[in-house]
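Written out below as structure tokens is the structure these notes cover.
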Amino acid sequence: MAKVSFTSALQRFLPAPSAQVEGTTVGGALAVVFASRPALRGYVLDDQGALRRHVAVYVNGEPVRDRVRLSDAVGAHDEIYVFQALSGG
Amino acid sequence: MTDRLHVGTRKGLFELARVDGAWEIIDVQFLGDPVSAVLADGDGSVWAALDLGHFGAKLWHRDHAGAWRELAVPEFPPKPEDSGDDPHPWSLGKIWVLEPGGAPGRLWAGTMPGGLFRSDDGGASWSLNETLWRMPERRHWAGVAGGEQPGINSVLVDPRDPSDIRIGVSTAGVWASTDAGGSWRLINRGMYAEYMPPEQRDNPIVQDVHRLARCAVHPEIVWCQHHNGVFRSEDAGTTWHEVTAIRPSKFGFAVAAHPSDPNTAWFVPAVKDERRIPVDGKVVVARTRDGGRSFDVLTRGLPQRHAYDLVWRHGLAVDESGERLAFGSTSGGLWTSEDGGQSWAMSEARLPPIAVVRFAPA
Numbered sequence: 002m003a004k005v006s007f008t009s010a011l012q013r014f015l016p017a018p019s020a021q022v023e024g025t026t027v028g029g030a031l032a033v034v035f036a037s038r039p040a041l042r043g044y045v046l047d048d049q050g051a052l053r054r055h056v057a058v059y060v061n062g063e064p065v066r067d068r069v070r071l072s073d074a075v076g077a078h079d080e081i082y083v084f085q086a087l088s089g090g
Numbered sequence: 031m032t033d034r035l036h037v038g039t040r041k042g043l044f045e046l047a048r049v050d051g052a053w054e055i056i057d058v059q060f061l062g063d064p065v066s067a068v069l070a071d072g073d074g075s076v077w078a079a080l081d082l083g084h085f086g087a088k089l090w091h092r093d094h095a096g097a098w099r100e101l102a103v104p105e106f107p108p109k110p111e112d113s114g115d116d117p118h119p120w121s122l123g124k125i126w127v128l129e130p131g132g133a134p135g136r137l138w139a140g141t142m143p144g145g146l147f148r149s150d151d152g153g154a155s156w157s158l159n160e161t162l163w164r165m166p167e168r169r170h171w172a173g174v175a176g177g178e179q180p181g182i183n184s185v186l187v188d189p190r191d192p193s194d195i196r197i198g199v200s201t202a203g204v205w206a207s208t209d210a211g212g213s214w215r216l217i218n219r220g221m222y223a224e225y226m227p228p229e230q231r232d233n234p235i236v237q238d239v240h241r242l243a244r245c246a247v248h249p250e251i252v253w254c255q256h257h258n259g260v261f262r263s264e265d266a267g268t269t270w271h272e273v274t275a276i277r278p279s280k281f282g283f284a285v286a287a288h289p290s291d292p293n294t295a296w297f298v299p300a301v302k303d304e305r306r307i308p309v310d311g312k313v314v315v316a317r318t319r320d321g322g323r324s325f326d327v328l329t330r331g332l333p334q335r336h337a338y339d340l341v342w343r344h345g346l347a348v349d350e351s352g353e354r355l356a357f358g359s360t361s362g363g364l365w366t367s368e369d370g371g372q373s374w375a376m377s378e379a380r381l382p383p384i385a386v387v388r389f390a391p392a
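Structure below.
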């Protein structure tokens, strides 16, 4: 199972604990998390299901290529990390 | 009079109450987070929209017992495959204005990128007004200066008929619906945009309506602070006449209409366009009491030397009595008046930049 972790910056707004989930793509893995925590979805994805402009997702330390459909493949032992992209001051 | 004032800032929501003849901050929520819109009800409930830099627009509600909880935000439907040339995103940018809808549980939310949303359950769920959103003309709506997205900044619901609605858009003029949003028309005539090419100057859809305000007792009277000046309508936003007597300048963002006197309104003028500072570094409120034929420039209690406070479109409010006013600035200055603007008291608080001030109804 892939591990999904969220930036601590999200914890200020709502609980976002790490989770071990089944999923073959980034989008699939996140969907499993959001199914159990629906309120979290809108903090990470926009209305069309793409990554928010100022949210970044890395898999094993590398940024995902597909920020719109979240189709990057993930394996059973991969780590997905969701955090805020730097912006503003 | 109203004894509660809500101030939405770049760094949180502040609630003030009238205590021993002065306004005191009695509560702070969302400290550190930008508040983009606020609405209060007479029973103590409050709606606050947040514009989180990384994590999107959010909406919170405080019930009459004082408990805050997060509500669903308005959400755009899936973008159709054939809408590829739509210049605006199908995703909520921010909630820019919240207004009561005149029916139990009904709220309207004006947003960037230009979607108008309606709730009939006190904000628990929202639906996009698809008719307005799918009008071909929307593709000609333009982004607000400093942003890429157009925004609905004003929603005026006729107190006599909740199905009769006007909205003001930066930048797309004034739109009307007389069937609760079932159909819409671009209605404004008489505004001009002097920064546009001559062929476009009088085009209704290019008009940058900074803010609309309506007289509650005489809803056909609507005031507009426009990018190019002040305008007044006597037919609920269809025909506009420029109010040239405004001084010390005709540029500004905010306007407040007297709730019962159709001839009284307040503005906070500034130096136009890119500079956006008070004229001569003096914070003043311009008030007309004769329908715009003349103005009093009100200064008592307001800083008159080296003051560079700008007041945004939602930064000026009047209560139901027409006597009590408040305005807040981009420098975090907050002023209140108990006598129709004749004199002002400055809050001692050094607040974050203020986006919106709003009285709770009595």
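Chains as they are written, first to last, in our numbering: chain B, 2 to 90; chain P, 31 to 392. No residue lacks a Cβ here, since even glycine has one placed at the ideal position from N, Cα and C. Note that the structure is predicted; figures quoted are calculated from it, not measured.
So, using beta-carbon positions, are residue i and residue j closer together than 7 Å?
i: P/TRP120; j: P/THR141; result: no
i: P/VAL315; j: P/TRP296; result: yes
i: P/ASP73; j: P/HIS94; result: yes
i: P/ILE217; j: P/ILE197; result: no
i: P/PHE283; j: P/ALA347; result: no
i: P/PRO289; j: P/GLY352; result: yes
i: P/HIS344; j: P/VAL386; result: yes
i: P/LEU401; j: P/LEU122; result: Outside the shown range of chain P, which is 31 to 392, sits residue 401 of chain P, and nothing can be said about it.
i: B/VAL60; j: B/VAL34; result: no
i: P/THR269; j: P/ARG219; result: yes
i: P/ILE211; j: P/ARG262; result: Looking at the sequence itself, residue 211 of chain P is Gly, so the reference to Ile does not match. Cβ atoms of P/GLY211 and P/ARG262: not closer than 7 Å.
i: P/GLY203; j: P/ILE251; result: no
i: P/ALA52; j: P/ASP33; result: no
i: P/GLY173; j: P/ASP150; result: no
i: P/THR118; j: P/GLN59; result: According to the sequence as given, residue 118 of chain P is His; it is not Thr. Cβ atoms of P/HIS118 and P/GLN59: not closer than 7 Å.
i: P/ARG40; j: P/PRO382; result: yes
i: P/PRO192; j: P/GLY144; result: no
i: P/GLY362; j: P/LEU328; result: no
i: B/VAL65; j: B/VAL83; result: no
Residue i touches chain P at which residues, Cβ-Cβ below 8 Å?
i: B/LEU11; result: PHE85
i: B/VAL56; result: HIS84 and PHE85
Residue i versus chain B: which residues are under 8 Å apart at the beta carbon?
i: P/VAL103; result: GLY43
i: P/TRP120; result: ASP48 and GLN49
i: P/PRO180; result: In chain order: nothing, as chain B lies at least about 16 Å away.
Go through its chain and collect everything with a Cβ distance to residue i's Cβ below 6 Å, but skip five positions before and after it.
i: P/TYR225; result: none
i: P/MET376; result: TRP365
i: P/GLU205; result: Note that residue 205 of chain P is Trp in the sequence shown here, rather than Glu. The answer, listed in chain order, is ILE197, TRP214 and LEU216.
i: P/GLU272; result: GLY259 and PHE261
i: P/ALA139; result: PRO104, ILE125, LEU128 and PHE147
i: B/LEU71; result: VAL27 and GLY28
i: P/THR360; result: LEU340 and PRO383
i: P/CYS245; result: ILE251, ALA287 and PRO292
Would you say residue i faces chain P, with C-beta separation under 7 Å as the test?
i: B/ARG38; result: no
i: B/ASP48; result: yes
i: B/ARG53; result: yes
i: B/GLY89; result: Residue confidence for B/GLY89 is low, a pLDDT of 49 falling below 50, so the modelled location carries little weight and cannot support an answer.
i: B/GLN85; result: yes
i: B/TYR59; result: no
Any beta carbon of chain B sitting closer than 7 Å to that of residue i?
i: P/LYS41; result: no
i: P/LYS124; result: no
i: P/PHE147; result: no
i: P/LYS109; result: yes
i: P/PHE106; result: yes
Starting from the C-beta of residue i, find all residues in its chain whose C-beta is less than 7 Å away, skip the five residues before and the five after it, and write them out in chain order.
i: P/GLU368; result: GLU353 and ARG354
i: P/PRO249; result: ASP188, PRO189, ARG190 and ALA266
i: P/GLU167; result: LEU216 and ILE235
i: B/GLY90; result: With a pLDDT of 44 at B/GLY90, under the threshold of 50, the modelled position of that residue is not reliable, and the figure given next carries that caveat. Excluding sequence neighbours, B/GLY90 sits near nothing in its chain.
i: P/ASP194; result: ASP188 and THR208
With a 10 Å radius around its C-beta and 16 neighbouring C-beta atoms as the bar for buried, classify residue i as buried or exposed.
i: P/ALA287; result: buried
i: P/PRO299; result: buried
i: P/ILE56; result: exposed
i: B/GLN12; result: exposed
i: P/ASP81; result: buried
i: P/ALA19; result: Nothing about residue 19 of chain P can be reported from this structure: the residues present for chain P run from 31 to 392 only.
Output, in chain order, the set of chain B residues within a Cβ distance shorter than 9 Å of residue i.
i: P/GLU100; result: PHE14, LEU15 and ALA40
So, at 8 Å on beta carbons, what are the nonlocal neighbours of residue i in its own chain, with the 5 sequence-adjacent residues on each side left out?
i: P/ARG319; result: ASP291, ASN293, THR294 and ASP326
i: P/GLY42; result: VAL58, GLN59, PHE60, LEU61, GLY62, ASP63, VAL65 and PRO382
Residue i CB to nearest chain D CB: under 7 Å?
i: P/ARG335; result: Included in the structure are the protein chains B and P, with no chain D among them.
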